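As structure tokens, the structure follows; a few thoughts come after it.
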Amino acid sequence: MSQEEFKTIFDLYFDNIRSYLYYRCGDVFISNDLAQDTFMRIWEKKMDVRPEKDVGLLYKIAGDLFVSYYRKERLWKNLPEEIRFEQNGASPEEALLYKELEEKYEKALGKLPEKQRIVFLMSRVEGLTYQEIAERLSLSVKAIEKRVSGALCCLRKEIKT
Amino acid sequence: MNQEKRHIKNQDVQDELSNQFFPHAKIPWEKSKEGVWNDLEKRIAKEDQNPELVRRLLPGRQWLAMAASLVLLLSVSGFMRFYSVKTYCPEGVHTTLKLPDGSEVELNAATHMKYQPYWWFISRRVELDGEAFFRVEKGKKFKVVSVNAYTEVLGTTFNIFAREMDYAVTCHTGKVRVTDVSTGKSVELAAEEKSVLNKKGGFTVSRLSNQREEPSWTENLIMFGSTPLKLVFEEIERQFGIVIETPAEMQQVYSGNFTLDQPVENILSLLCLPFDLEYERQTGKKYLVYPARE
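Top line first, the protein sequences correspond to chains A and B. Just so we're aligned: the first sequence equals residues 206 to 366 in the numbering used here. Just so we're aligned: the second sequence equals residues 83 to 376 in the numbering used here.
Shown next, in the form of structure tokens:
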């Protein structure tokens, strides 16, 4: 794989991978580092990653790196308490409106089971279709549907209170 | 009903809120994508500068190693397969030989034998040209191959006579199977049975008249029962390592025994007498047998 090809892969998927890791750990620094390591690994191993077809591989490497990092650092106990977001592209009024909502969501997302949270955020924040998510995480579309509806259900309960 | 409807409406409000909220939600990254790419580029460049830090198994070298080990394996097994020991027992002598598994072979005079000692535990196979008596240890199939036929056994004692066109097997204990190479016909011999390969490619099986544990020649005794005179002279030639010139026409058959610890002249005179033959010693080991002149 040449550096140009590597750059293409990076441009296409770096944001997705970094976000995916963020949904799992809720820590911008760790997810940034691990996403960088994911691409570094692909380069070092001279893996032949084709766009579209091998996206699942990227997610798999990122997930494995995340698991081994957490195992090494013994961080299982402090799972994310909240998933922080900032509002972008919203008008000042809207931003004000969402401020309260944001805090609620951040806490509620932190309480979601990891599997539901990942799938839900991939769908809502990145706007990926269920089909795309299923391919990237090597899951069935049915499983994605189930997790998203589970997440919605949990969020409803949390936001209401 | 009403309550349910309100509940649904409530859900819709929540979902709408989330639909409005999430498209605007951005993760507060510390570093931009471009910044990360610059870092990555630096790391890649560094790696390319110190390529010796990266342990690469060159595919070519891998193939080379595989090929080398394959060649080694082949040559070792090839050596084991094809390395053979040839034994020749000269005329006038009997030899006893031990095979790798403890089986014993007694070679009669003027006999060639060949076997593969390093391949022995995979296939017990002996090539024989001449006459030999086998005491085979129990085990896998033991095969004795000659030009005309081969004999297979598991563990017995038996005698094989394989000279030129003649092939005869005598089974002393156990069971053996004899197969003709050209026709593929085979015959199974029980103890005390003898089979002779006849000219038509089949086997003539007969029972031994006298029960002996071992063939007579291993005890320095040669026995002939209705044997063509030509073959009798040939056997004496081999046992004493001499050359006997005989008349071309000899149709008689002979029955009788000789011990081998006497001078060859005694035997020749005993043999010649009933057939009206005379013999004469020529130079060295050469004897001439001719019809007696009136």
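From the three backbone atoms N, C-alpha and C, an ideal C-beta is built for every residue, glycine too. Quick caveat: nothing in here was measured; it's all calculated off a predicted structure.
(1) Counting only Cβ pairs nearer than 8 Å, list the residues of chain A close to B:K113.
(2) Based on Cα-Cα distance, which residue from A:Q241, A:Q208, A:W248, A:M206 lies nearest to A:F219?
(3) Note down the Cα distance separating A:F290 from A:K304, rounded to an integer number of angstroms.
(4) Under three-state DSSP, which class holds B:G366?
(5) Residues of chain A with a CB under 8 Å from the CB of B:W201: which are they?
(6) Start and end of the alpha helix (DSSP H) containing B:V314?
(7) Helix, strand or coil: which one does DSSP assign to B:N241?
(8) So with Cβ pairs under 8 Å, would you call B:I204 a contact of chain A?
(9) Alpha carbon to alpha carbon, what distance is there between B:M247 and B:E362?
(10) Taking 8 Å as the threshold (beta carbon to beta carbon), is A:Y335 in contact with chain B?
(11) Helix or strand or just coil, what does DSSP make of B:M247?
(12) So, is B:E86 buried or exposed, given that buried needs 16 or more other C-beta atoms within 10 angstroms?
(13) Between the Cα of B:G221 and those of B:R245, B:V227, B:R206, B:T233, spot the shortest distance and give me the residue it belongs to.
(14) Could you check how far apart the C-beta atoms of B:V251 and B:S277 are, in whole angstroms? I think they sit under 8 Å.
(15) Hey, how far is the Cα of B:M83 from the Cα of A:N221?
(16) Is the shortest distance between the beta-carbon of B:V153 and the beta-carbons of chain A less than 8 Å?
(17) Please report the residue range of the beta strand (DSSP E) in which B:D262 lies.
(18) Going by alpha carbons, who is nearest to B:V269 out of B:T239, B:T233, B:F340, B:Q334?
(19) How would you write the range of the alpha helix (DSSP H) that B:I109 sits in, first residue to last?
(20) So, helix, strand or coil for B:R206, using DSSP?
(21) Once the 5 residues before and after B:W299 are set aside, which same chain residues still bring their CB inside 6 Å of it?
(22) Can you check whether the CB of B:I109 is closer than 8 Å to the CB of A:Y275?
(23) Starting from the C-beta of B:A357, find all residues in its chain whose C-beta is less than 6 Å away, skip the five residues before and the five after it, and write them out in chain order.
(24) Are the CB atoms of B:G338 and B:F306 within a distance shorter than 8 Å?
(25) Put A:Q292 into one of helix, strand or coil per three-state DSSP.
(26) Please name the residue, chosen from A:A339, A:E210, A:K316, that lies closest to A:C358 on a Cα-to-Cα basis.
(27) What separation, rounded to the nearest whole angstrom, lies between the Cα atoms of B:E112 and A:K362?
(28) Which residues, in order along the segment 239-255 of chain A, keep a beta-carbon less than 8 Å from a beta-carbon of chain B?
(29) Can you find a CB in chain B that lies within less than 8 Å of the CB of A:S224?
(30) Locate the alpha helix (DSSP H) running through A:M252, then write down its first and last residues.
(31) Report the neighbours of B:V118 on chain A: residues whose CB is nearer than 9 Å to its CB, in chain order.
(32) Go to A:V346, then tell me how far its alpha helix (DSSP H) extends in each direction, as first and last residue.
(33) For chain A, check one thing: does any of its Cβ atoms lie closer than 8 Å to the Cβ of B:R143?
(34) Between B:E331, B:A107, B:S351, which has its C-alpha nearest A:G332's C-alpha?
(35) Ignoring anything shorter than 3 residues or poking outside the segment 184-230 of chain B, list the beta strand (DSSP E) runs there in chain order.
(36) Look at the alpha carbon of A:K320 and the alpha carbon of B:K124, and state the distance between them as a whole number of angstroms.
Here's the rundown:
(1) Within chain A, the residues N237 have their CB atoms less than 8 Å from the CB of B:K113, given in chain order.
(2) Restricting attention to A:Q241, A:Q208, A:W248, A:M206, the CA atom closest to the CA of A:F219 is found in A:Q241.
(3) Near 10 Å, if we compare the C-alpha coordinates of A:K304 and A:F290.
(4) Collapsing the DSSP output to three states places B:G366 in coil.
(5) Within chain A, no residue comes near B:W201; the closest Cβ sits about 46 Å away, beyond 8 Å.
(6) Per DSSP, B:V314 belongs to the alpha helix (DSSP H) from 311-322.
(7) DSSP, read as helix, strand or coil, puts B:N241 in strand.
(8) Answer no: the Cβ-Cβ gap between B:I204 and chain A never drops below 8 Å.
(9) Rounded to the nearest angstrom, the two C-alpha atoms are 29 Å apart.
(10) So, not an interface residue.
(11) In the structure shown, B:M247 sits in coil (DSSP, three-state: anything other than H, G, I, E or B).
(12) Confidence at B:E86 is low in this model, with a pLDDT of 44, below 50, so its placement is unreliable and no value can be given for it.
(13) If you compare the alpha carbons of B:R245, B:V227, B:R206, B:T233 with that of B:G221, the shortest gap goes to B:R206.
(14) Contact holds; Cβ gap of about 5 Å.
(15) Its pLDDT being 41, under 50, B:M83 is placed unreliably by the model, and the measurement read from it follows with that caveat. Here the alpha carbons of A:N221 and B:M83 stand approximately 43 Å from one another.
(16) Judged by the 8 Å Cβ criterion, B:V153 is not in contact with chain A.
(17) Counting along the chain, the beta strand (DSSP E) containing B:D262 begins and ends at 258-262.
(18) When only C-alpha atoms are compared, the closest one is B:T233.
(19) First-last for B:I109: undefined, no H or E at that position.
(20) Reduced to three states, the DSSP call for B:R206 is strand.
(21) Hits under 6 Å: N190.
(22) Between A:Y275 and B:I109, the C-beta gap is not smaller than 8 Å, which leaves the two residues out of contact.
(23) Rather than Ala, the amino acid found at residue 357 of chain B in this sequence is Phe. Answer for B:F357: Q334, listed in chain order.
(24) The answer is yes: Cβ separation under 8 Å.
(25) Strand at A:Q292.
(26) Considering only alpha carbons, the answer is A:K316.
(27) The alpha-carbon atoms of B:E112 and A:K362 are separated by roughly 32 Å.
(28) Residues A240, Q241, F244, M245, W248, E249.
(29) Under the 8 Å criterion on CB atoms, A:S224 is classed as interfacial with respect to chain B.
(30) Segment: none, A:M252 is in no alpha helix (DSSP H) and carries neither H nor E.
(31) Neighbours of B:V118 in chain A, taken as residues whose beta carbon is under 9 Å from its own, are F215, F219, R223, N237, A240, Q241, F244 in chain order.
(32) From DSSP, the alpha helix (DSSP H) with A:V346 extends over 346-365.
(33) No, B:R143 lies away from the interface with chain A (no Cβ there is under 8 Å from its Cβ).
(34) Selected option, being the one with the closest Cα: B:A107.
(35) Listed in chain order, the complete beta strand (DSSP E) runs (minimum 3 residues) inside the segment 184-230 of chain B are 186-189, 193-197, 206-217, 224-227.
(36) A direct Cα-Cα distance of roughly 35 Å separates A:K320 from B:K124.
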